[in-house]
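Enquirer: Questions regarding the structure given below will be posed in turn.
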Amino acid sequence: MSSIEERPKNRNIVQLDWLDVDGQVVISPSDGDRYGLKVRRAIELLQKTQYRDDFEKQLQILNKLLFQWLSTRWDDIDKAFMTVRDGDLAFIVVTQNDEYNEQFEDDLSELDIQIANDVDLNLINLTSISLPSVSAEALDSFLHKEIRLSFGNGDRTGPHHAGE
Amino acid sequence: MATELDHITLANKNNAALLYLAKKHTEYPEWISTVAFYKALQIVEASFVAHSGVGCHDHPSRLRRLREAPYQSMYKHFRVLWSASTVARYLYDNQSQNKYASFEDFMPADKVLKMLVCRRLLPLEGIAVQHFLSDKGKEALKKVHKPSLPIN
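Protein chains in written order, with numbering that gives the first Met the number 0: chain A, 0 to 163; chain B, 0 to 151.
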């Protein structure tokens with residue numbers, strides 16, 4: 000058995016991709032079973048159990064919005080995650096560089112406000128935080144140990160067709 | 000429950016700390032980032048109490064409230080101050096192959112005063128004064144005095 004230090008550190012990360020299926024944008028997790036478990040666990044952590052169905056639908060809408068936002072900014076972004084932090088959803092964006100970028104930060108704030116004021120996302124409380132380029136170990140402390148959804152880099156400019 | 004003036008008193012204490020640290024800003028960029036954030040927090044809470052009678056008791060509810068009207072104009076400045084102070088307080092990476100090792104890689108010490116204090120805290124104060132604080136609150140608040148800061 001491998002030691003703790005040798006175990007894969009990304010075991011708990013489910014990667015999301017966005018696909019164009021006959022003109023419809025869908026979110027495709029790398030592991031559907033694990034994704035389903037993580038969504039259910041997030042619903043418990045966020046205390047949205049009584050709104051389960053609506054929350055799942057809103058999460059799908061949210062993921063599409065986040066992919067769209069990312070699609071025009073991948074030159075500046077290394078990784079992006081959704082997680083749970085301080086009792087709410089958190090969008091963690093790791094930038095390519097280590098230095099603070101004022102415009103990028105303003106864009107993130109605008110994204111948060113847009114989502115907060117979207118009438119169809121009334122169950123979603125999301126805060127964005129950008130981190131400079133850091134190691135996986137440093138990033139680890141910012142991600143909830145159970146809820147780690149990574150926005151994949153399939154076709155970064157837009158959803159790609161299923162099977163491509 | 001803390002009153003508007005209670006929060007202003009705390010904001011002014013943070014301001015005093017900020018001025019003290021500013022003299023050695025090249026040595027303490029992390030602390031400047033953190034204290035600037037905590038001053039902003041007290042100003043936001045003072046604004047909440049003055050404008051709607053009630054404040055918040057935790058970061059998540061405070062952030063949520065700031066994202067809604069009429070406080071949204073403060074959100075973009077507050078979120079950056081919060082985010083930068085989070086990096087300052089919690090992010091340390093001693094993996095030598097990565098670009099980031101400490102807060103100064105994220106925000107060089109000679110830029111902290113300009114980028115966080117002048118371009119985020121100062122505008123947030125302005126919004127609070129213009130739109131939310133009572134006359135007593137405005138009078139009591141010690142705002143950032145840009146000419147006093149050692150900025151090139």
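We treat Cβ as the ideally placed atom computed from N, Cα and C, and that holds for glycine.
Within its chain, find whatever has a CB closer than 7 Å to the CB of B:Val53; leave out the 5 residues flanking it on each side and keep chain order.
Expert: As a working note, residue 53 of chain B is residue 54 in the second sequence. Excluding positions up to five away in sequence, the list reads Phe47.
Enquirer: From the beta carbon of B:Pro59, is the nearest beta carbon of chain E less than 8 Å away?
Expert: Looking for chain E here will not work: the only protein chains present are A and B.
Enquirer: Give the residues of chain A in contact with B:Ala108, contact being defined as C-beta atoms less than 8 Å apart.
Expert: Residue 108 of chain B sits at position 109 when you count from the first residue of the second sequence. Result: empty, since nearest Cβ-Cβ is about 12 Å, beyond 8 Å.
Enquirer: By alpha-carbon positions, which one of B:Thr25, B:Met0, B:Arg118 and B:Leu90 ends up nearest to A:Asp105?
Expert: Walking along the first sequence from the start, residue 105 of chain A turns up at place 106. With distances taken between Cα atoms, A:Asp105 lies closest to B:Arg118.
Enquirer: Could you check if A:Met0 is buried or exposed, using at least 16 other CB atoms within 10 Å of its CB as the buried criterion?
Expert: Looking up residue 0 of chain A in the first sequence gives position 1. With a pLDDT of only 44 at A:Met0, under 50, the local geometry of the prediction cannot be trusted, and the value read off the model is given with reservation. Answer is exposed; the Cβ neighbour count stays below 16.
Enquirer: Helix, strand or coil for B:Pro149 per DSSP?
Expert: Mapped onto the second sequence, residue 149 of chain B falls at position 150. Coil at B:Pro149, not helix or strand.
Enquirer: Inspect the CB distances between the stretch 137-147 of chain A and the stretch 106-116 of chain A and report whether three or more fall short of 8 Å.
Expert: No, they do not touch.
Enquirer: Cβ atoms of A:Ala137 and B:Asp134: under 8 Å apart, would you say?
Expert: Sequence index remark: in the second sequence, residue 134 of chain B carries index 135 (1-based). Sequence index remark: in the first sequence, residue 137 of chain A carries index 138 (1-based). No, Cβ-Cβ distance for B:Asp134 and A:Ala137 is not below 8 Å.
Enquirer: Name the chain A residues that come within less than 8 Å of B:Met114, Cβ to Cβ?
Expert: Your numbering for residue 114 of chain B matches position 115 in the second sequence. Within 8 Å Cβ-Cβ: Tyr99 and Glu101.
Enquirer: From A:Tyr99, A:Asp87, A:Asp19 and A:Thr82, pick the residue whose C-alpha is nearest to that of B:Val86; which is it?
Expert: Taking the first residue of the second sequence as position 1, residue 86 of chain B is located at position 87. Among A:Tyr99, A:Asp87, A:Asp19 and A:Thr82, the Cα nearest to that of B:Val86 is on A:Tyr99.
Enquirer: So that I know if they touch, is there some Cβ in chain B lying closer than 8 Å to that of A:Arg133?
Expert: The residue given as residue 133 of chain A occupies position 134 in the first sequence. For clarity, residue 133 of chain A is Val in the given sequence; the question names Arg instead. At least one chain B Cβ lies under 8 Å of A:Val133.
Enquirer: Return the first residue and the last residue of the beta strand (DSSP E) that A:Ala79 is part of.
Expert: As a working mapping, residue 79 of chain A is identified with position 80 in the first sequence. From DSSP, the beta strand (DSSP E) with A:Ala79 extends over Ile76 to Arg84.
Enquirer: According to DSSP, simplified to helix, strand and coil, what is B:Met68?
Expert: By one-based count along the second sequence, residue 68 of chain B stands at place 69. Note on residue identity: the sequence assigns Ala, not Met, to residue 68 of chain B. In the structure shown, B:Ala68 sits in coil (DSSP, three-state: anything other than H, G, I, E or B).
Enquirer: Determine, for B:Thr85, whether the minimum Cβ-Cβ distance to residues of chain A falls below 8 Å.
Expert: The residue labelled residue 85 of chain B in the question sits at position 86 within the second sequence. For B:Thr85, the answer is yes, since a Cβ of chain A falls inside 8 Å of its Cβ.
Enquirer: If B:Leu115 and B:Ala35 are in contact, beta carbons under 8 Å, what's the gap, nearest whole angstrom?
Expert: To locate residue 115 of chain B, count along the second sequence from 1; it is residue 116. To locate residue 35 of chain B, count along the second sequence from 1; it is residue 36. Indeed, because the Cβ distance is near 5 Å, the residues count as touching under 8 Å.
Enquirer: Using a Cβ-Cβ cut-off of 8 Å, state whether B:Val128 counts as contacting chain A.
Expert: Counted from its first residue, the second sequence places residue 128 of chain B at position 129. No, its Cβ sits nowhere closer than 8 Å to a Cβ of chain A.
Enquirer: Out of B:Pro149, B:Ile31 and B:Ala45, which one is the CA nearest neighbour of B:Met0?
Expert: Your numbering for residue 0 of chain B matches position 1 in the second sequence. Answer by Cα proximity: B:Ala45.
Enquirer: Taking DSSP's pairing of strands, which residues face A:Ser70 in a bridge?
Expert: Position 71 of the first sequence, counting from 1, holds the residue named residue 70 of chain A. Note: A:Ser70 sits in no beta bridge, so no partner.
Enquirer: Near B:Lys145, what residues of its chain come up, given a Cβ to Cβ distance below 7 Å and the 5 sequence neighbours on each side ignored?
Expert: Indexing the second sequence from 1 puts residue 145 of chain B at position 146. Only Cys117 and Leu121 meet the Cβ criterion.
Enquirer: Between the alpha carbons of B:Val79 and A:Gln102, how many angstroms are there, rounded?
Expert: The residue you call residue 79 of chain B lines up with position 80 of the second sequence. The residue you call residue 102 of chain A lines up with position 103 of the first sequence. Spanning the two alpha carbons is a distance of roughly 11 Å.
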